[in-house]
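Working notes for the structure below.
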Amino acid sequence: MESSDPPRAAGRAADVHEVVLGVDTHRDVHVAAVVSLTGHVLGVDRFPATASGYGRLAEWAGRWGAVRRAGVECSGNYGAALSRHLLAEGITVVEAPGPGLAARRRRSKSDEGDAVAAARSVLSGRAQSPVKAGDGPVEIGRMYLMARDSAVKAKRQAVNQIKALLVTADPALREELRGLSRRRLTLFCLQLSEGSEEVDSIVRATRFTVRVLAERIEQLEGQARVLDQRLAELIGTYYPCLLDAVGVGPHSAAVLLTALGDNSERMRGEASFAALCGASPVEYSSGSRQHRRLNRGGNRQANAALHRIVLSRLRWDSRTQAYYERRVAEGKTRREIIRCLKRYVSREIYRLIATSREELVNGSSRRLAP
Numbered sequence: 000m001e002s003s004d005p006p007r008a009a010g011r012a013a014d015v016h017e018v019v020l021g022v023d024t025h026r027d028v029h030v031a032a033v034v035s036l037t038g039h040v041l042g043v044d045r046f047p048a049t050a051s052g053y054g055r056l057a058e059w060a061g062r063w064g065a066v067r068r069a070g071v072e073c074s075g076n077y078g079a080a081l082s083r084h085l086l087a088e089g090i091t092v093v094e095a096p097g098p099g100l101a102a103r104r105r106r107s108k109s110d111e112g113d114a115v116a117a118a119r120s121v122l123s124g125r126a127q128s129p130v131k132a133g134d135g136p137v138e139i140g141r142m143y144l145m146a147r148d149s150a151v152k153a154k155r156q157a158v159n160q161i162k163a164l165l166v167t168a169d170p171a172l173r174e175e176l177r178g179l180s181r182r183r184l185t186l187f188c189l190q191l192s193e194g195s196e197e198v199d200s201i202v203r204a205t206r207f208t209v210r211v212l213a214e215r216i217e218q219l220e221g222q223a224r225v226l227d228q229r230l231a232e233l234i235g236t237y238y239p240c241l242l243d244a245v246g247v248g249p250h251s252a253a254v255l256l257t258a259l260g261d262n263s264e265r266m267r268g269e270a271s272f273a274a275l276c277g278a279s280p281v282e283y284s285s286g287s288r289q290h291r292r293l294n295r296g297g298n299r300q301a302n303a304a305l306h307r308i309v310l311s312r313l314r315w316d317s318r319t320q321a322y323y324e325r326r327v328a329e330g331k332t333r334r335e336i337i338r339c340l341k342r343y344v345s346r347e348i349y350r351l352i353a354t355s356r357e358e359l360v361n362g363s364s365r366r367l368a369p
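Going by numbering that gives the first Met the number 0, the first residue of the sequence shown is number 0, and it counts up by one from there.
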């Protein structure tokens with residue numbers, strides 16, 4: 000698919016016809032396509048994935064007509080920076096879904112074709128989900144959360160490596176460390192010394208390796224602690240009512256906020272947020288059998304956060320315990336009750352987030368007022 004030079008827009012801005020932009024994003028280069036409202040391809044071109052490249056892409060698309068809508072593939076990854084640039088230009092940007100496996104089988108695959116398909120998905124209405132703005136406190140929390148979760152994962156891996164080393168270690172050392180809790184095991188390993196030259200070389204290497212892993216655990220624990228503190232301060236500053244809800248901690252709040260994004264207009268309502276979190280029941284009926292099944296889609300990290308909140312409330316919240324007993328008496332299983340509670344919690348979380356954002360907007364307006 001060849002690219003052609005776009006015509007220079009002439010006349011008044013109101014006379015310029017509307018076009019739709021579609022972008023297939025990659026790490027180093029983005030492929031953009033402009034189509035008319037009838038789906039005719041006007042032009043396709045490639046631009047570097049740099050700040051100047053984003054500006055050139057927007058300027059090039061604007062020469063074909065008035066760009067008010069754009070579909071961007073991988074808007075949360077390779078297309079995140081481009082999406083923010085287009086949003087700053089006043090363009091409505093939506094996540095362009097891929098063509099799917101069936102379409103891949105029917106036709107060949109090319110970057111130019113994917114860019115055109117992204118633009119046409121906006122025209123057809125198949126692409127409807129607004130991209131995440133990534134310009135507010137939620138984006139900050141997402142970065143903290145990513146670093147915190149990786150630190151916790153690496154710490155767990157280091158602990159498992161110490162235990163695996165001790166399985167084949169010298170029997171005397173293994174017996175000395177048997178039965179210790181994870182924290183006491185780490186502290187003990189921190190104090191281990193290699194020993195003198197007379198000690199067996201395998202034993203000395205084991206002691207050294209175990210001590211290095213224990214030092215790594217201490218460092219990762221410190222990093223996770225600092226990131227948890229930053230998350231708590233961030234949530235407490237912008238979304239304090241979330242932390243006041245029963246069972247909601249900084250980590251669960253950050254996961255749910257990250258799934259929602261900084262721009263609340265991404266969600267049409269609390270039902271949309273529940274579907275995003277995989278907490279909405281899915282109709283699964285046939286004939287006389289009326290049934291709803293578990294939603295296996297959505298953001299699984301957000302669904303896990305809802306699950307932790309529900310388990311915490313089942314243990315500590317009297318209202319949730321009373322609800323549980325009532326549904327058990329009605330013949331519901333524990334899994335079904337937890338599923339219902341996830342739906343209720345998602346509704347409550349969405350309303351708390353909406354309230355906090357409304358207060359933030361009103362507070363900003365009052366500060367800006369003379």
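Using N, Cα and C, we set each Cβ at its ideal position, and we do this for glycine too.
Contacts around residue i, its chain only, beta-carbon distance under 7 Å, and the 5 residues preceding and following it disregarded
{"i": "Glu347", "result": "Ala244"}
{"i": "Arg210", "result": "Cys188, Leu189 and Leu191"}
{"i": "Val344", "result": "Leu305, Ile308 and Val309"}
{"i": "Glu88", "result": "Ala57"}
{"i": "Gly135", "result": "Asp261"}
Alpha-carbon spacing of residue i relative to residue j, whole angstroms
{"i": "Arg299", "j": "Cys276", "result": "7 Å"}
{"i": "Leu256", "j": "Ser192", "result": "46 Å"}
{"i": "Leu20", "j": "Ala126", "result": "12 Å"}
{"i": "Leu259", "j": "Arg265", "result": "7 Å"}
{"i": "Ala118", "j": "Ser51", "result": "22 Å"}
{"i": "Pro96", "j": "Pro170", "result": "57 Å"}
{"i": "Asp227", "j": "Arg147", "result": "7 Å"}
{"i": "Val225", "j": "Glu232", "result": "11 Å"}
{"i": "Arg83", "j": "Tyr237", "result": "21 Å"}
{"i": "Gln377", "j": "Val281", "result": "There is simply no residue 377 to check, as the chain begins at 0 and stops at 369 in what is shown."}
{"i": "Lys341", "j": "Ala80", "result": "33 Å"}
{"i": "Leu66", "j": "Gly42", "result": "Note that residue 66 corresponds to Val in the displayed sequence, not to Leu. Using only the alpha carbons, I get a separation of about 13 Å."}
{"i": "Leu241", "j": "Ser251", "result": "10 Å"}
{"i": "Ser364", "j": "Ser123", "result": "Bear in mind that a pLDDT of 43 at Ser364, under 50, signals an unreliable position, so the model cannot answer this."}
{"i": "Ser317", "j": "Arg333", "result": "17 Å"}
{"i": "Pro47", "j": "Ala60", "result": "15 Å"}
{"i": "Arg206", "j": "Asn302", "result": "42 Å"}
{"i": "Val28", "j": "Asn76", "result": "13 Å"}
{"i": "Glu197", "j": "Ala153", "result": "34 Å"}
{"i": "Thr24", "j": "Arg62", "result": "21 Å"}
{"i": "Leu36", "j": "Ile90", "result": "16 Å"}
{"i": "Val327", "j": "Arg314", "result": "16 Å"}
{"i": "Thr167", "j": "Glu72", "result": "49 Å"}
{"i": "Val202", "j": "Leu212", "result": "15 Å"}
{"i": "Arg45", "j": "Val30", "result": "4 Å"}
{"i": "Glu335", "j": "Ala278", "result": "12 Å"}
{"i": "Thr354", "j": "Thr208", "result": "51 Å"}
{"i": "Gly235", "j": "Leu164", "result": "42 Å"}
{"i": "Val34", "j": "Gln160", "result": "55 Å"}
{"i": "Lys411", "j": "Arg55", "result": "Any question about residue 411 goes unanswered here, given that the chain covers just 0 to 369."}
{"i": "Arg155", "j": "Leu186", "result": "15 Å"}
{"i": "Met145", "j": "Ala274", "result": "23 Å"}
{"i": "Asn385", "j": "Tyr322", "result": "Since the first residue of the chain shown is 0 and the last is 369, residue 385 is not available in this structure."}
Same chain, Cβ closer than 6 Å to residue i, neighbours up to 5 away in sequence not counted
{"i": "Val222", "result": "For the sequence presented, residue 222 should be read as Gln rather than Val. Cβ within range, chain order: Ala150."}
{"i": "His16", "result": "Gly64"}
{"i": "Tyr349", "result": "Glu269 and Phe272"}
{"i": "Ala32", "result": "Gly21, Val43, Ala114, Val115 and Ala118"}
{"i": "Arg11", "result": "Bear in mind that a pLDDT of 39 at Arg11, under 50, signals an unreliable position, so the model cannot answer this."}
{"i": "Arg215", "result": "Ala157"}
{"i": "Arg292", "result": "Val281 and Tyr283"}
Status (buried if at least 16 other CB within 10 Å, exposed otherwise) for residue i
{"i": "Gly286", "result": "exposed"}
{"i": "Leu179", "result": "exposed"}
{"i": "Val247", "result": "buried"}
{"i": "Arg338", "result": "buried"}
{"i": "Ser109", "result": "exposed"}
{"i": "His39", "result": "exposed"}
{"i": "Leu85", "result": "buried"}
{"i": "Glu329", "result": "exposed"}
{"i": "Val18", "result": "buried"}
{"i": "Ser200", "result": "exposed"}
Cβ separation of residue i and residue j, assumed to be a contact under 8 Å, to the nearest whole Å
{"i": "Tyr143", "j": "Leu219", "result": "About 15 Å; that fails the 8 Å criterion."}
{"i": "Val92", "j": "Ala114", "result": "Not a contact, Cβ separation roughly 14 Å."}
{"i": "Val130", "j": "Glu94", "result": "5 Å"}
{"i": "Glu138", "j": "Asp261", "result": "6 Å"}
{"i": "Thr319", "j": "Arg312", "result": "4 Å"}
{"i": "Ala253", "j": "Gly140", "result": "5 Å"}
{"i": "Arg181", "j": "Val158", "result": "6 Å"}
Own chain partners of residue i with C-beta closer than 8 Å, once the 5 adjacent residues on each side are dropped
{"i": "Leu351", "result": "Tyr238, Cys240, Leu241 and Ala244"}
Within-8 Å CB hit, residue i to chain D
{"i": "Asp261", "result": "Any reference to chain D falls outside this structure, which holds one protein chain only."}
Problem set entry | alpha helix (DSSP H) runs contained entirely in the region 165-189, provided each spans 4 or more residues | 170-176 and 181-189, all fully within the region 165-189.
Exercise. Can you list, in chain order, the stretches of the alpha helix (DSSP H) that have 4 or more residues and sit fully within the region 45-121?
Worked result: Secondary structure within the region 45-121: the alpha helix (DSSP H) runs of 4 or more consecutive residues, fully enclosed, are 50-63, 79-87 and 99-105 (chain order).
For this session: Within the region 256-311, note down every full beta strand (DSSP E) run reaching 3 residues or more, in order along the chain.
Result: none
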